[in-house]
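Asks:
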Amino acid sequence: MAPSTLFRSEEMSLIQLYIPVEVAQPCVAELGEIGKVQFRDLNPEVNAFQRSFVSEIRRLDEMERLCRFFNTQIEKADIPMRPLTAAAYSSRARSAQEVDDLEEKLKEHESRILQMNGSYETLQRRYLQLTELCHVLRESGGFFEQAESRQDTIRNSMDEGDASTPLLEHDVEQQTHQDDMNRLNLGYVTGVISRQRMQTFERVLWRSLRGNLYMNSAEIDEPIVDPDSDEVVEKNVFAIFAHGREIINKIRKISQSLGATLYSVDDSADKRRDALLDVTSRIEDLNNVLSNTSQTRRTELLKIAENLTSWTTVVRKEKAIYHTMNLFNYDVNRKCLIAEGWCPKNDIPIIQHALKNATESSGTNLPSILTELVTKKTPPTYHRTNKFTEGFQNVIDAYGIARYREVNPGLFTVISFPFLFAIMFGDVGHGFLMFLFALYMVINEKKLASVKDEIFSMFFSGRYMVLLMGLFSIYVGFIYNDMFSLSLDLFKSGFDWPTEYNSTDTIDATPNGDVYPFGLDPAWHGSENFLLFTNSYKMKQAIIIGVIHMTFGICLQVYNHVNFKNKMFIWLEFVPQILFMSSIFGYLTFCILYKWSVDWWALDDQGNHIHNPPPNLLNMLIYMFLSPGKVNPEDQLYPGQGPIQAVLLLIAVVCVPWMWFAKPYYLKVQHNKHRYHSVAEDENVAYDEEQNGHAAGGSADADDDEEEEEFEFSEVMIHQTIHTIEFCLNCISNTASYLRLWALSLAHAQLSSVLWDMTFKIWFSFTGPIAVIGIFVGFAMWFVLTIFILLGMEGLSAFLHTLRLHWVEFDGKFYMADGYKFEPFTFSTVLDGKSE
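The number in my numbering is simply the position in the sequence shown, starting from 1, with 79 added.
#1: Would you call the CB atoms of L599 and I558 closer than 8 Å?
#2: Tell me, please, whether the stretch 444 to 463 touches the stretch 864 to 873 by the rule of three or more beta-carbon pairs shorter than 8 Å.
#3: Looking at C-beta atoms only, is the number of pairs between the stretch 410 to 418 and the stretch 197 to 210 that lie closer than 8 Å three or more?
#4: Tell me whether L610 is buried or exposed, calling it buried when 16 or more other Cβ atoms sit within 10 Å of its Cβ.
#5: Quick check: the Cα distance between L265 and R352, rounded to an integer number of angstroms?
#6: Just list the residues that DSSP pairs C415 with in beta bridges.
#7: Could you give the residue range of the beta strand (DSSP E) that holds V268?
#8: Is it buried or exposed for G874, if we count other Cβ within 10 angstroms and need 16 for buried?
#9: Alpha carbon to alpha carbon, how far is S907 from E112?
#10: Leaving aside the five residues before and after A588 along the sequence, list all residues of the same chain whose C-beta is less than 6 Å from its C-beta, in chain order.
#11: Kindly indicate which residue of N639, D593 and T668 has the alpha-carbon position closest to the one of I627.
#12: With F320 as the anchor, note down where its beta strand (DSSP E) starts and where it stops.
#13: Nearest-angstrom Cα distance between A528 and L380?
#14: If distances are taken between C-alpha atoms only, which option among T151, E143 and V116 comes closest to K184?
#15: Give me the Cα-Cα distance between C106 and G898, rounded to the nearest whole angstrom.
#16: Note the first and the last residue of the continuous alpha helix (DSSP H) segment covering I326.
#17: Of all the CB atoms in chain D, is at least one closer than 8 Å to the CB of G632?
#18: For the ligand FMN, is there a heavy atom less than 7 Å away from the beta-carbon of F862?
#19: Taking all protein chains shown into account, decide if Q724 is buried (16 or more other Cβ within 10 angstroms of its Cβ) or exposed.
#20: Thinking G632 and F889 are a contact (beta carbons under 8 Å), I'd like their distance in whole angstroms, please.
#21: Keeping to the same chain, check which residues put their C-beta closer than 7 Å to that of V312; ignore five residues upstream and five downstream.
#22: Given 8 Å as the limit, is there contact between the stretch 726 to 745 and the stretch 650 to 667, that is, 3 or more CB pairs closer than that?
#23: Measure the alpha-carbon distance for E794 versus D561 and round it to whole angstroms.
#24: Threshold first: 4 residues or longer. Then list the alpha helix (DSSP H) segments lying entirely within the stretch 598 to 673, N to C.
#25: Using only CA atoms, which one of A321, L365 and G220 lies nearest to A297?
#26: Could you check the C-alpha separation between L337 and W285 for me, to the nearest Å?
#27: So what does DSSP say about E524, is it helix, strand or coil?
#28: Along the chain, where does the beta strand (DSSP E) that runs through A156 open and close?
#29: Among the candidates E218, R395, F806 and D349, whose CA atom is the shortest distance from the CA of N893?
#30: Along the beta strand (DSSP E) that carries E451, what are the first and last residues, could you check?
#31: Could you pull the start and end residues of the alpha helix (DSSP H) that A826 belongs to?
#32: For E762, I'd like the list of residues in its chain whose CB is within less than 6 Å of its CB, leaving aside the five on either flank, ordered along the chain.
#33: Using a Cβ-Cβ cutoff of less than 7 Å, which residues in the same chain neighbour V268 once the five nearest sequence positions on both sides are dropped?
#34: Give every residue of the same chain whose Cβ lies closer than 6 Å to the Cβ of V909, excluding the five residues on either side of it in the sequence, and list them in chain order.
#35: Tell whether a beta-carbon distance below 8 Å holds between V486 and T468.
#36: Check whether the Cβ atoms of L209 and L355 lie closer than 8 Å to each other.
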């Protein structure tokens, strides 16, 4: 692979295809299989309903609707569908006769399924009615007996009278008795209602009739399936007794308004018994018919399920082919379709080979012609990735698509992203757990690729990124000498501890002349000044890495300037920026490294070690601006520090107007030259027109010329002013932003230490059964909290901070990100539902 391809996007070409109508469909199908061409719409002024292949698309839409209908029916019947295999499906384009046959087959299956669905639904409704009527007949016998006993009680109470009652009063009482007897001629309403509405039903009836009714109900213990929703519904049987035709009609209306189903039942016990026997017999017959209908319907769906996946694939592909052909121009005279599209320049032979195969397979001698066009249009950006680099490239594309042939930050992100993450997350144990999780996804990627969970898909798409993050965390964990907040004593320590000491006193470790070969000396762990030491070390480390990272981002501008033929911008933009950055923060990095390289311990006259406190670098940087050229001898880091700092400060001051005015002035001079040449060319063209008597011929790609923006020096100056101020201020804020590497690393280490001490370590001082139980419970708590807090929450936090460092601090130095993505016509996205 060429170096230019590594650092930049693929070189793209605008191609034009002349495809005979006879082979248009197989050619587009072949191009959809290889996925190498992004077609342009050559009919932007034509709406979707007036294009050439609208009728075919509508027809395929209807076929796709039928496939979705079959899929719904199969899922409802809980029938597994046969996956698509190479033997069951061929990638070739289907002929018109094959599409016609498929359409006819789908309609036949739909007709049979709809007929069986209608019959099955009718039978289910009839079964539901008979089942409810059966329960009403069973329960109503008891309801009528209770109503008759209550009626007899009322009659007996009214027949009893007092012998001493006066004759007139006796006559009045006899009249009242006769009226009450008339009232006892009760009517009744029986039916079934949902159990959830029973309380509401009783309350509405009681308030509407003011209590002038007698109601009884019973629960149906048999599950009843609603044919409309196919859900099990709990229902109750009810019987309501009242007097008067109007009241009975009112009860019927209230019952129906609340969704009750009413059934007519005879008040004779013998007739109810005969009706119950008849209904039971009809239910048994209906059960047999339902079973046969369901089995026939399932057999039909099983037959459809065997081929539905391949049918759906064919329909979607054919529909995508015609959608793509609607983007082409139709040349009536040549009887061919004219297409234009972008493709990678290196893939043109593959496209030509695919067109040749399509022509040969169609059995015609009419070849498709491919020509490469010269254009000034901006091509799409295409970065060739694989399953390893795809996750890193997606992180960069989420910030913005690179300008065509711009430096691709995704290449450097493969290393920088997991490394910066590991600086904040550095721990051997935590990194190993993360590595194991990613390794599991990598090993089982074929099986896990079919999982449709959205959250898991995010982790799975970045499995190789998580794998490197875990490996780098292990590496940085060895540097920090940190494994689940414990140190690893792998080599000989550079410090010796006294053999005898009082545990209540503070003791000092003595350097023994050895140097710990790799990482932090384990003697620091557990010491009182451990946090003070690591705090200073990690803070300076964050600044060094941040300055190196940003400086590298600034240096990548050179590659962009050379590629876009703006070599003068290297002197007008890159040089002042790199000098400004280096003279301040590059100098600070040098001072940190120099301070680390100096042994600040000295020997006094008696041979004892004396520690000379080194100068404070933060104060040094502040006084570098407040007192240029002057350094307090007590705070001097190296000889000649004052003059060097004054020169560096002068360079930084000079770089500000350099960045501010040089580029706008250069652009103005170039614009004036371009305008002078344009006027001269226009005069020559006018002279040629006058001599030749006709207008000069235009370029074949005149419509491809992009309109040049009108040059306004004031706008350029405003833009450059904003850019200069932003760069100078961002040098400070972005450097400070890298201190998150220090802060999150300390937070992660301290949280890990607290979690170990508070959940697991506290049980080490116990003995006996309590110690065994405590260690078991403590380890479980420690492991669960480690997974969810340290790996889950802390890992996500470190990931987001790393993402910000790349998007803002690194990409912001050189990445323009104003391009548009190369999205070729490919069947893979069509079948995944990612595009229409």
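No residue lacks a Cβ here, since even glycine has one placed at the ideal position from N, Cα and C.
Replies: The answer reads as follows:
#1: yes
#2: no
#3: no
#4: exposed
#5: 22 Å
#6: P99 and D410
#7: G266 to S273
#8: buried
#9: 8 Å
#10: F574, W576 and A602
#11: T668
#12: K314 to A321
#13: 28 Å
#14: E143
#15: 29 Å
#16: R324 to S336
#17: This model lacks chain D altogether; it includes just one protein chain.
#18: Looking for the ligand FMN in the displayed structure turns up nothing, as the structure carries no ligands at all.
#19: buried
#20: 5 Å
#21: S273, I303 and D305
#22: yes
#23: 54 Å
#24: 609 to 642 and 654 to 660
#25: G220
#26: 14 Å
#27: helix
#28: Neither: A156 is in no beta strand (DSSP E) and is coded neither H nor E.
#29: The sequence given here has Phe at residue 893, not Asn. Ranking the options by Cα distance to F893, first place goes to F806.
#30: I448 to L452
#31: R819 to T838
#32: With a pLDDT of 47 at E762, under the threshold of 50, the modelled position of that residue is not reliable, and no figure is offered here.
#33: I319, I327, I330, R331, S334 and L341
#34: R395 and A399
#35: no
#36: no
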